[in-house]
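Protein sequences, first through last, are from chains G and F.
When you line the first sequence up against my numbering, it's residues 1 to 161, in that order.
When you line the second sequence up against my numbering, it's residues 1 to 178, in that order.
We put the beta carbon where it would ideally sit given N, CA and C, even for glycine.
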Amino acid sequence: MRLLLLAITLVLPVWAAAQQENPAAVYEFDSRSQEVRFQNLLEELRCPKCQNQNIIDSNAPISKDMRERVYLMMQEGASNEEITNSLVARFGEFVRYKPKLESRTLLLWATPVLAVLIGVLVVGGVFIRSRRHGAQAAELSDEEREKASRALSNYDSDASR
Amino acid sequence: MKRLVLFVPVVLVVVLGVVLFAGIGKDPNHLESVLIGKPVPAFSLAALKQPGQSLDSSVFQGEVSLLNVWGTWCPACRDEHDDLVWLARERGIPIIGLNYKDKREAAMAWLDTLGDPYRLNIFDPEGRLGFDLGVYGAPETYVIDSKGIVRYRHVGPVDEKVWQQDLEPVVRKYREQG
Numbered sequence: 001m002r003l004l005l006l007a008i009t010l011v012l013p014v015w016a017a018a019q020q021e022n023p024a025a026v027y028e029f030d031s032r033s034q035e036v037r038f039q040n041l042l043e044e045l046r047c048p049k050c051q052n053q054n055i056i057d058s059n060a061p062i063s064k065d066m067r068e069r070v071y072l073m074m075q076e077g078a079s080n081e082e083i084t085n086s087l088v089a090r091f092g093e094f095v096r097y098k099p100k101l102e103s104r105t106l107l108l109w110a111t112p113v114l115a116v117l118i119g120v121l122v123v124g125g126v127f128i129r130s131r132r133h134g135a136q137a138a139e140l141s142d143e144e145r146e147k148a149s150r151a152l153s154n155y156d157s158d159a160s161r
Numbered sequence: 001m002k003r004l005v006l007f008v009p010v011v012l013v014v015v016l017g018v019v020l021f022a023g024i025g026k027d028p029n030h031l032e033s034v035l036i037g038k039p040v041p042a043f044s045l046a047a048l049k050q051p052g053q054s055l056d057s058s059v060f061q062g063e064v065s066l067l068n069v070w071g072t073w074c075p076a077c078r079d080e081h082d083d084l085v086w087l088a089r090e091r092g093i094p095i096i097g098l099n100y101k102d103k104r105e106a107a108m109a110w111l112d113t114l115g116d117p118y119r120l121n122i123f124d125p126e127g128r129l130g131f132d133l134g135v136y137g138a139p140e141t142y143v144i145d146s147k148g149i150v151r152y153r154h155v156g157p158v159d160e161k162v163w164q165q166d167l168e169p170v171v172r173k174y175r176e177q178g
């Protein structure tokens with residue numbers, strides 16, 4: 001009984017997910033590569049209404065309109081660039097999930113590189129400094145050596161007591 | 001010098017705090033329209049009340065007007081309707097309606113029962129002009145200057161506060177420019 005329940009709970013979500021149809025499947029294409037291209041384009045376009053979804057995941061009416069537009073433009077032989085630009089011209093840069101590299105987005109693109117660079121500098125600095133520190137500490141002056149052996153012999157005699 | 005270095009994390013945290021704090025309360029749904037400063041996209045669509053009459057972007061020529069995108073299926077449009085009627089009747093603001101993805105009979109019945117604040121209505125059942133305008137959720141209200149250039153977009157219902165704070169200053173500015 002338990003096993004059956006377990007099986008049902010495991011299978012049900014998978015089945016439910018399979019039932020949810022892919023909106024891209026509504027459209028017909030001449031070739032598989034066209035379909036893949038369509039799918040990829042939709043994944044890179046962001047829905048202006050439901051802002052954290054691309055237009056393939058979103059079922060907002062505006063996403064449907066945008067999918068329709070992408071499909072029609074593809075049928076007319078437009079390039080990916082042209083299709084994206086036509087949507088950007090209407091809805092703004094916002095609809096690009098991959099922002100263009102330009103002066104306004106430079107910081108956005110450069111931040112990860114800068115962060116890694118700063119990290120390397122900090123870690124490198126700490127490392128070099130500790131090495132230099134370690135090298136200095138290894139060399140004791142005669143006075144220090146004497147002090148140390150005195151302390152150690154004291155310790156030894158204390159311990160043997 | 002070494003002491004100063006110790007303050008670096010504090011400074012970073014404060015800067016981050018200021019940046020994040022500035023973001024609080026900003027509406028993430030607010031998108032700048034790409035069309036600001038550009039003419040209303042070309043269109044040729046029927047008038048809502050006179051199906052035989054074809055309208056194009058010349059309807060925006062001559063005086064500063066509001067373009068209001070609405071539909072009977074949109075609850076927020078119902079909210080703002082009384083305010084639009086007030087704007088048209090009390091303030092004499094020319095409002096041009098874009099009846100967006102709607103049914104003609106439903107839209108006509110709505111105007112009959114609730115009052116008609118519009119100079120005229122562009123009937124756009126497929127949302128073609130809406131798409132070219134970048135409409136992503138009704139209601140939206142645009143300020144169009146006397147030459148047919150889009151000057152401002154407000155997304156969401158218009159009420160007295162929105163009118164006074166956002167729309168009226170823009171309308172006044174472009175009226176003065178003629």
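For the alpha helix (DSSP H) containing L42 (chain G), list its first residue and its last residue. 32–44
Going by beta carbon distance, what residues of the same chain come within less than 7 Å of Y100 (chain F), once the five residues before and after it are set aside? V69, W70, G71, D124, G127, G130, V135, A138
Is the distance from the Cβ of N80 (chain G) to the Cβ of L41 (chain G) below 9 Å? yes
By the three-class DSSP mapping on this structure, what secondary structure does H133 (chain G) have? helix
Selected residue, minimal CA-CA separation from R172 (chain F), among F:P157, F:D159, F:I144: F:I144
Assumed close pair E160 (chain F), D83 (chain F) - CB separation to whole angstroms, cut-off 8 Å: 6 Å
Have a look at R3 (chain F) and V10 (chain F) and give me their C-alpha separation to the nearest angstrom. 12 Å
I96 (chain F) bridges to which residues according to DSSP? F:L67, F:L120
Proximal residues, the region 34–63 of chain G versus chain F, C-beta separation under 9 Å: C47, P48, K49, Q51, A60, P61, I62
Starting from the beta carbon of V170 (chain F), find every residue of chain G whose beta carbon is closer than 9 Å, and list them in chain order. Correct list: empty, because the minimum Cβ distance to chain G is about 19 Å.
Does the contact criterion of 3 or more C-beta pairs under 8 Å hold for the region 113–121 of chain G versus the region 84–99 of chain G? no
Give me the Cα-Cα distance between Q53 (chain F) and A46 (chain F), rounded to the nearest whole angstrom. 6 Å
Measure the C-alpha to C-alpha separation of L67 (chain F) and L72 (chain G) and round it to an integer number of angstroms. 28 Å
Quick one: which residues of the region 77–110 of chain G get their C-beta closer than 7 Å to a C-beta of chain F? List them in chain order. A89, R90, F91, G92, F94
Please identify the residue among F:V158, F:D166, F:V162 whose C-alpha is closest to the C-alpha of H81 (chain F). F:V158
Contact list for D27 (chain F) against chain G, beta-carbon separation under 7 Å: Those do not exist, as D27 (chain F) stays about 11 Å from chain G at its closest Cβ, beyond 7 Å.
Any idea if A107 (chain F) is buried or exposed, counting beta-carbon neighbours within 10 angstroms, 16 or more meaning buried? buried
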